[in-house]
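Sequential numbering of the sequence shown, starting at 1, is according to the UniProt record's numbering.
For reference, the structure is listed below as structure tokens.
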Amino acid sequence: MGAGKPFPQGDERDSYVVEFEGCDDPQYPQNWPFGFKSGSVSFAFGPILWGPGSELTGRRLPLMISMFGFSIFAVAAATSKDYQTLMLTRFFSGFFAAGPLAIVPACFADMYDDSQRGIAITAFAMAVFIGPFASPFVGGFIADSHLRWRWTMYIASIMGWLSTVLTLFIRESYAPIILVAKAGRVRRETKNFAIHARQEEIEVDFRDLVRQNFSRPLRLLFTEPIIFLITIYMSFIYGLIYLFLGAYPIVFQQVHGMDEGIGGLPFISLIIGQLCGGIYIMIDQVQYKKKLALNHGVQIPEWRLPPVIVGAITFAIGLFWFGWTGYTNKIHWMAPAASGLVTGFGILCIFLQCFNYIIDTYLMFYNNNQTNQGYLTSAASAIAANSLLRSLFGAGFPLFADQMFNNLKIQWAGTLLGCLATVMVPIPVVFYFYGHKIRGWSKKSGK
């Protein structure tokens, strides 16, 4: 019996059994986009290793290892002979590629003070977010050419090898590790083997590594209110971005009949929007420096949030704009393409300043009585915690993008995404006015 009603008898019953609609059914797990299943998921878990690892061994070594590993597995992905090998190599290439996402912001926090770090993080964030929006049309043209799809991975590998070579010339920026080298030099010069750095007092034990270091991002995520709440906000926005990006091929290739390469060119408007967002952040940095000077060099993390509020509003506007101009070919393709200007602007403003907010909040210092200097000890883990959940949302949301836009239709799917983004607009406003109270609940953040 089903819901109090009898099942049909005989062959008639088979017509009521739900099955996949053939081998090409997009809901069949083997037809899910492999980039989201393997590379994106490993992108989420990679920072759990690389972030805490950089706080134990320094920034330079994990950067070298992560770029070398990515380059190796990118070549392996390009030469893979079957789907299983491609999935496996993509997983590990994503795992290693996640290293710079957690380590580079921590390097900037090592090297730049509050008045300088904003510009450095701006340049980094623009590179991080422009990449995913440039890759569709670059990869589309490569895949449509005689080079085919394998060269998308070969080119990524070539860039990885070049980056690996560059890491050989990077100086260590993590202060405790610099002091270890300094202590070793002084020991050799003075023959006084009692001289040591605080970092050398740490006994490396696998159990302690797991409990104290590699579990730190998860502990920060679930015990620190600021990280948890900001990460939830950023993760939903990140998921909406990747869900939204799944609509671009539908609008420009299916509705407007463009091929894969040409259909990716509208992503350029998102890139231009992000460049405008970066310029806006740099201009806002002038005001930030004035506030910092008036406050005698003491930074207030909430000063980073006004651009996030502006970005949240423009991001929501961009989603509505795209949905209601991209659903029919009777509206010129330039209309939905132009929506990327405000969407890209909002994306960069949100993520860039949220990154800065996390770093400003989790500058954990200890005072050195002789030099009165402080050293960052958990920014990499805080960024790793953020990257973990954010990447999981980014990997999961696109899995239902096609079904959502095909079933709801483009205009209503865009409206739904715009409404979700609008509902989240007050979140940065709440943090701006009440962030200092939320930080008061924390055991580790700056009060």
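Built from N, CA and C at the ideal position, the CB exists for glycine as well.
If you're wondering where the values come from, they're calculated on a predicted model, not measured in any experiment.
Item, Value
"Three-state secondary structure (DSSP) of M364", "The pLDDT assigned to M364 is 41, lower than 50, so where the model puts this residue is not dependable; a value taken from the coordinates is nonetheless given after this. Reduced to three states, the DSSP call for M364 is coil."
"Residue span of the alpha helix (DSSP H) that contains L408, given as start and end", "A401 to L408"
"Under the three-state DSSP convention, the category M87 falls into", "helix"
"With 16 other Cβ atoms within 10 Å as the buried cut-off, status of D113", "exposed"
"For F244 and L420, believed in contact at Cβ under 8 Å, the rounded distance", "The pair is not a contact, with the Cβ atoms about 10 Å apart (cut-off 8 Å)."
"For G139 and N406, the rounded distance between their alpha carbons", "24 Å"
"Contact under 8 Å by Cβ, Q199 with L168", "no"
"Status (buried if at least 16 other CB within 10 Å, exposed otherwise) for A3", "A caution first: A3 carries a pLDDT of 48, below 50, which makes its placement in the model too unreliable to give a value."
"Where N356 falls: helix, strand or coil (DSSP)", "helix"
"G346 - DSSP class collapsed to helix/strand/coil", "helix"
"Distance between R59 and H436 (C-alpha atoms, nearest Å)", "30 Å"
"Selected residue, minimal CA-CA separation from T57, among I283, Y174, P249 and W303", "Y174"
"Pair within 8 Å by beta-carbon distance, L305 and F431", "yes"
"Close Cβ partners of I281 (< 8 Å) along its chain, the five nearest in sequence each way excluded", "G118, T122, P307, L348, C349, L352 and Q353"
"Any C-beta of chain B under 8 Å from that of M153", "Among the chains in the structure shown there is no chain B, since it carries only a single protein chain."
"Closest Cα partner of I48 within the set Y154, I279, K81 and P100", "P100"
"Sequence-distant residues of its chain with Cβ nearer than 7 Å to P217 (five each side left out)", "P47, I48, G51, P52, S381, A384, A385 and L388"
"The stretch 248-268 contacting the stretch 329-341, beta-carbon criterion three pairs below 8 Å", "yes"
"Three-state secondary structure (DSSP) of S442", "coil"
"Three or more C-beta pairs below 8 Å linking the stretch 74-90 and the stretch 149-158", "yes"
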